[in-house]
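The structure under discussion appears below in the form of structure tokens.
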Amino acid sequence: MEKYWTRRDFLKKNAAAIATMGMAAPLSSLLQSCGGLTSNATADSVILLFMAGGMAHTETFDPKRYTPFTTGMQANTVLSTFKPVPTILDGIQFSEGLEKIGQIMDKGSLIRSYVAADLGHILHTRHQYHWHTCYEPPQSVTVPHIGSWISKELGPLKEVIPSFINIGQRFEVGEGEELKAFHSAGFLGSEHGPFLIPDPTKGLDSVRPPTGMTTKRFESRNQLYEKLIKESEMGEFGSGYQKESLKRSMEQAYRLLNSPEAKAFDISQEPKESYDTYNTGKFGLGCLMAKRLVNEGARFITVTSEYEPFMNWDTHDNGHTRIKEMKERIDAPITQLIKDLEESGKLESTIVIVASEFSRDMLTEGRPDLKVKDQVNVPDIITDMKNYGMHRHFTDGCSMLMFGGGIRAGNVFGKTADERPCKTIENPIKIASIHQTIYHALGIHPETNYEIEKRPFYTTPDGKGIAEQGLLKAQIKSV
Amino acid sequence: MISYICLAASNSLPVGSWMVQFAGRLHPLFVHFPVSLLFLAGVLKLFEKRIKGAEQIINFLIIIGSGSAIFAAGLGILLAWQDSYSGELLDYHRYSGVLLAVVSAGLVYVTLKKPDATKTKNLLLALASVGTIITGHWGAALTHGDTYLTEVLPWQNDQENSLPAGIAVGNPDEDDDVKLAIQVRTIFAHNCYKCHSETKQKGKLKLDEKEFIFAGGEGGEIIVPGNASESEIYRRITLPVNHKESMPSKGKSLAKPEIEIIKYWINKGAPWPNDMGKRSVFPKAELAPRNPPLPQGTHKNPIDLWVNDYFDKNNIAWKGKVNDRTFLRRTYFDIIGLPPSFEEIKVFERDTNPAKRKKVIDRLLSQNNEYAQHWITFWNDALRNDYTGTGYITKGRFNVNHWLYTSLQENKPYNQFVRELLNPTEESKGFISGIQWRGTVNASQRTEMQAAQNVGQVLLGLNLKCASCHDSFVSDWKLEDAYAFANIFAEESLEIARCEKPTGKYANTSLLWPSLGSIDSTSSKKERLRQLADGLVQPANGRMYRTIVNRIWAQLMGRGIIGTVDEMDNKPWSQDLLDWVAVNFVDNGYDLKKLLFLIMTSDIYQMEGNAYDDPAVVFKESYQFKGMLNRRLTAEQLSDAVSKVIYPVFNKSDYAYDPIVTAGYEPTGQFITRASLVENNAFLTALGRPNREVVTTSRPVESSLLQALEFTNGVKLNNTLEAGAERWKRKYTSSNKLINRTYQEALGRNPTKKEFTVTRKALGDKPTIGQIQDFFWAVIMLPEFQTIY
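Chains as they are written, first to last, in the working numbering: chain V, 994 to 1472; chain A, 48 to 836.
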């Protein structure tokens, strides 16, 4: 049976300690969860493939009427700039360029009705913050990333592999500070923060001795350290907590760097054929690393197409051309990842999610009934190829994919209108439900929360959002 | 087997058909009456001989009763499936019901076909009668709660009126009612307000005010004081989760202890004292300053007199003072954030002046720039000021770098310091301006509310965060108080939003304590801010000065006099000491350096450090003060120590705020680009420097894997140590010298014989750069290096 804490029990037992918690959670190890785990988990790990920058649904997984480019075309007639192509599912089409993913849709769920929050004048990183933490920024405390929640509740699947690994995002980009703001474990404590691998080809650097240091040298350094610790005068001062905490984490780091599992970070060890299939660039190689890590027992991995203002999926111009390129980057590796996980048997216990902070449209900025300040100039008559594409930020209908780990297969959830504004008309689903669906599959209680500065902070705001039965194979039992 | 039948049945029927559902809901009707005939048949059987024609009546009852039992079982399965009942109770009801149906079928068969098998018939009839009671009981429990029957039994009454576990009520005095009602209010607020309060009134029921709670909703009163089992609210919250009338209908159901509390409260007569809102059950500190007379004693420093007084009362013994080396290291780190050099330690040890400890504290405090470069870390955290961060990109945030650096440099009196933060110039406006992201934000996070929260937390040791969304459940602060305070920072009065829903109401404009003066709501924002500053900095605001002296104490001693530095309503381990130091601080011109001097020249500051195994104990209110707690170096102290001892971690070009160019800082001697003045980076973050999106008032005390990885193979540290090794190799040709110098500079002492031997063996005669680098690494990873003890 699950352990249930009431606010009172909790306050009584922990009030003094918890009240001191600031954002840095100096005592995060003392936090005690209210909620606990449920016994009906269908997954134990997660791969989140994030299409950062706003992936237009009508150009990817939810194509509408195709209008080829002609000089002098009316902007308001254009819904999709690519042909639709069939998928393995009857009557379901994807946009041209996603044929491979189309052929694995019998293994997962296609969501066509994700509705992003209304946060006013669009800022990508605010929506990304919201997607990854489920809270709208700013908040009065630093709220944890979904990966940190999962790390905190479930811990590492294998001790030596960090439980939350983030692949592909550099922070030395525009809005880098805003990106940092949600790549954080917040009040859950830095132990649960992301292990950052900005470049998958250099992943191994993060888990091996410093460049230029041989294994032998690394070992003798550690031996010297252990001898000197024994002799150090702190022994006699016996600084209990700090000393033990430091020693323990140093030992853990040493174990990781010496472990055979660390090889999972080395994608160059992959057979050439497999490497080449994945190698569509940084994102593809990130997928390859994610596969290797899951096979070795990673808990939560996110691979991002990388957010950089006006780059990648952030198509403020040349949308058609750029999206063609983006699809080339994602089609093969995502498909191969699913196939490989299925082959290794890991797909059964791994949820793979493909998502973006919001969608795009040629005309609507924000939501059709709640438009916000335009950021992109779109001419009524298009004469230049650079204006041919979805350049405005659209929040009322976005596509997502989910595979494995108890997610329904061959399933289509939700629907958008076939005419502009192509907004969600069936089964709208919001971020809190998405998160709760993931938590449900992982067996994390929907009301999991911690008392921070005397207020309960839940995995989703006030514990809102209900796991979506339409995405889950197993019947949801009330808990 | 039974569930298999249900499953088979459910698979063959169209889910959601209203007819099926309707039929299912007939189940109670078919159960409640005719099945009881079976029981009656059993009773009749007992009196068979006295009643004429009983046999026929019994047979008739058996046939009707059994038939309906079988029919009811079928409908029951439909109901369970269609209305999604589930749980243990249902299983009991289901299994006993199906069993009863089987027995009934047997009974009918025997009655009709085997009139001679009297014994079998009697047995089956007995079984059916008993089965009726059992099944009926589980069914009732399902709809009325599992204590429906037992709770009215007289011997249950003791338990009825005993306190549920987990309820914090002490002696039976009148305060109990208040405490109890507040617990009930808290449960209502967190579970029911969403649908039953000011903003939404499902079923015309509101649970947020006394009169509404007792008025009930459209279905009538919901509470029968003194009788929980007759109270509608109790019935609703104890129904099975999936029951149509179960409450809360949305979201989580109440936890068992919560249900227990409500039951206890109703049975106790549902007390709801009228003045509940006015009387506090929460700890509440005095606002006014207090100057207790110093206790008698031989100590010279008043702090020691108070500590001695406390030690006497609690039977705690003074420990010995630390040696000169440990004292100097502690003092250096606490005032200027750097370790002393070995040379400085030697000179200090040789000094025979009995006042040398005071002298060195004085000397360090007079190093204005070094002092500023250390303490700016503490203030940047508290004022959530940083060189980079969210908001700057859209001009929604302003730094206070220059104002803060120069304020520390000139040791600005704290009252003036606060005045300039609250009623700011262009240079100091960053604190109350908050962080404005692009787009719309939650009402409780508008910049005016951020200002109210941050001023409350940082300057007043007050948590307004709860109250900025709804009336606080953990203090007496109300939503209106938070808005009235936030209005001071607003151009126009703010519309009150409760849990993010606008209420159409507006608060007045006021300070949190009327005794500190009033704010003229009709005046300009500039004028209101001036009134705010005047109101808060006056000496009568003892709370503000207790807050700052407690923070400084915590920085030096590892724990505040009140452990929770942001919650100044909690209990200090010595109220006298806290009050006295705060008054002394005001009397001495709000001088932060004098405060540091006072504390650091005390005997207690110079006593041996205390280790602890469990940080949870340290922050408990029951904590006993025994002296300074060992502390971890901050990210900045650690980085600067490496810079000073081994090789600079940062260069002048890394300055995010350059005090040489902008604040007249003229470095002398060994120059170090201090980590406090560079942008945050992966190295410092791993070591615990926060990203200052929100106020931070304490740094992590624990290490983490991510931090250890940064130590173990992080590029920044590795490169620094490598460059240092190259330099040291050139400087020291002999291993022996190098080993000794490293220990001397890093730890302020010579290596022990054993340490020397171990290292000497690892390094050999002619160590390589790599070997030296690894030795450095091993030394700075020592807890002895990373701890102030």
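Using N, Cα and C, we set each Cβ at its ideal position, and we do this for glycine too.
The structure presented is a predicted model; accordingly, all values stated were derived computationally and were not measured.
Cβ-based burial, residue i [other Cβ within 10 Å; buried from 16]
| i | result |
| --- | --- |
| E713 (chain A) | exposed |
| I1081 (chain V) | exposed |
| G178 (chain A) | buried |
| V762 (chain A) | exposed |
| I98 (chain A) | exposed |
| L301 (chain A) | buried |
| D1411 (chain V) | exposed |
| R678 (chain A) | buried |
| E1446 (chain V) | buried |
| D163 (chain A) | exposed |
| K1366 (chain V) | exposed |
| F408 (chain A) | For the sequence presented, residue 408 (chain A) should be read as Ile rather than Phe. Burial call: buried. |
| L261 (chain A) | Sequence inspection shows Phe at residue 261 (chain A); the Leu mentioned does not correspond to that position. With fewer than 16 other Cβ atoms within 10 Å, it is exposed. |
| F718 (chain A) | exposed |
| A961 (chain V) | Beyond the ends of chain V as shown, which are 994 and 1472, falls residue 961 (chain V); an answer cannot be given. |
Chain-order list of residues whose beta-carbon lies under 7 Å from that of residue i (same chain, five-residue window excluded)
| i | result |
| --- | --- |
| I847 (chain A) | Not covered by the structure: residue 847 (chain A). The range shown for chain A is 48 to 836. |
| M1048 (chain V) | W1306, S1349 and S1352 |
| K673 (chain A) | I363 and N657 |
Option in the options with minimal Cα separation from residue i
| i | options | result |
| --- | --- | --- |
| L174 (chain A) | A:F464, A:N462 and A:I109 | A:I109 |
| F823 (chain A) | A:T834, A:A809, A:Y836 and A:V394 | A:A809 |
| D638 (chain A) | A:I181, A:H449 and A:F464 | A:F464 |
| R493 (chain A) | A:A537, A:K459 and A:Y452 | A:A537 |
| E1419 (chain V) | V:M1243, V:T1409, V:T1357 and V:S1426 | V:T1409 |
| V1166 (chain V) | A:G589, A:K160, A:T435 and A:C516 | A:T435 |
| P1326 (chain V) | V:T1297, V:L1239, V:T1070 and V:E1341 | V:T1297 |
| V1405 (chain V) | V:G1029, V:G1095, V:L1041 and V:G1046 | V:G1095 |
| E258 (chain A) | A:P320, A:I308 and A:S276 | A:P320 |
| H1117 (chain V) | V:I1160, V:M1383, V:L1172 and V:V1134 | V:L1172 |
| R404 (chain A) | A:V369, A:Q791 and A:L430 | A:V369 |
| A335 (chain A) | A:P737, A:Q585, A:F672 and A:G811 | A:Q585 |
| I1097 (chain V) | V:I1331, V:E1341 and V:E1358 | V:I1331 |
| T720 (chain A) | A:V689, A:E749 and A:R746 | A:V689 |
| F532 (chain A) | A:L558, A:A364 and A:T834 | A:L558 |
| K1100 (chain V) | V:G1029, V:N1159 and V:F1396 | V:F1396 |
Spatial neighbours of residue i in its chain, beta-carbon cut-off 6 Å, leaving aside the 5 residues before and after
| i | result |
| --- | --- |
| S522 (chain A) | F329 |
| W600 (chain A) | G607 and I608 |
| I871 (chain A) | Not covered by the structure: residue 871 (chain A). The range shown for chain A is 48 to 836. |
| D650 (chain A) | D351 |
| T158 (chain A) | N106 and I109 |
| Q818 (chain A) | L810 |
Same chain, Cβ closer than 8 Å to residue i, five either side skipped, listed in chain order
| i | result |
| --- | --- |
| L1249 (chain V) | V1153, I1154, P1155, V1200 and A1255 |
Inset, instruction - Counting only runs of 3+ residues fully inside the segment 1380–1439 of chain V, write out the beta strand (DSSP E) ranges in chain order. - result: Under the rule that a run must span 3 or more residues, the beta strand (DSSP E) segments found entirely inside the segment 1380–1439 of chain V read 1385–1387, 1391–1396, 1404–1406 and 1417–1419.
Inset, instruction - Determine, using beta-carbon pairs with one atom in the segment 1149–1158 of chain V and one in the segment 508–515 of chain A, whether at least three such pairs fall under 8 Å. - result: Short answer: they don't touch.
Legend entry - Given 8 Å, three or more beta-carbon pairs between the segment 1095–1115 of chain V and the segment 1336–1354 of chain V: A contact exists between the segment 1095–1115 of chain V and the segment 1336–1354 of chain V.
Legend entry - alpha helix (DSSP H) runs wholly inside the segment 766–813 of chain A, at least 4 long, in chain order: The segment 766–813 of chain A contains these whole alpha helix (DSSP H) runs: 782–794 and 800–810.
Legend entry - Every unbroken alpha helix (DSSP H) within the segment 1168–1250 of chain V, with a cutoff of 4 residues, ordered by chain: Listed in chain order, the alpha helix (DSSP H) runs fully inside the segment 1168–1250 of chain V are 1169–1175, 1208–1224 and 1227–1230, counting runs of at least 4 residues.
Inset, instruction - Spell out a yes or no on whether the segment 383–401 of chain A and the segment 411–425 of chain A are touching, meaning 3 or more CB-CB pairs, one atom from each, closer than 8 Å. - result: Short answer: they touch.
Legend entry - 4-residue-minimum alpha helix (DSSP H) runs that sit fully inside the segment 331–406 of chain A, ordered along the chain: With a minimum length of 4 residues, the continuous alpha helix (DSSP H) runs that stay inside the segment 331–406 of chain A are 349–361, 371–382 and 389–397.
Inset, instruction - Please specify which runs of the alpha helix (DSSP H), each continuous and at least 4 residues long, are wholly inside the segment 1103–1148 of chain V, giving them in chain order. - result: Counting only unbroken stretches of 4 or more residues, the alpha helix (DSSP H) elements lying wholly within the segment 1103–1148 of chain V are 1117–1126 and 1139–1147, in sequence order.
Legend entry - Touch test, the segment 538–547 of chain A against the segment 590–600 of chain A, Cβ-Cβ under 8 Å, three pairs minimum: In the pairwise beta carbon analysis, the segment 538–547 of chain A is classified as not touching the segment 590–600 of chain A: fewer than three pairs are separated by under 8 Å.
Legend entry - Contiguous alpha helix (DSSP H) assignments of at least 4 residues, all confined to the segment 230–307 of chain A: The segment 230–307 of chain A contains these whole alpha helix (DSSP H) runs: 257–262 and 279–285.
Legend entry - Sequence ranges, alpha helix (DSSP H) only - wholly within the segment 1306–1356 of chain V, length at least 4: Counting whole runs of 4 or more residues, the segment 1306–1356 of chain V contains the alpha helix (DSSP H) stretches 1312–1337.
Inset, instruction - Could you tell me whether the segment 442–460 of chain A touches the segment 702–712 of chain A, using the rule of 3 or more Cβ pairs below 8 Å? - result: Counting Cβ pairs under 8 Å, three or more are found: they touch.
Legend entry - Residue ranges of each alpha helix (DSSP H) within the segment 586–616 of chain A, 4 or longer: You should have 589–604.
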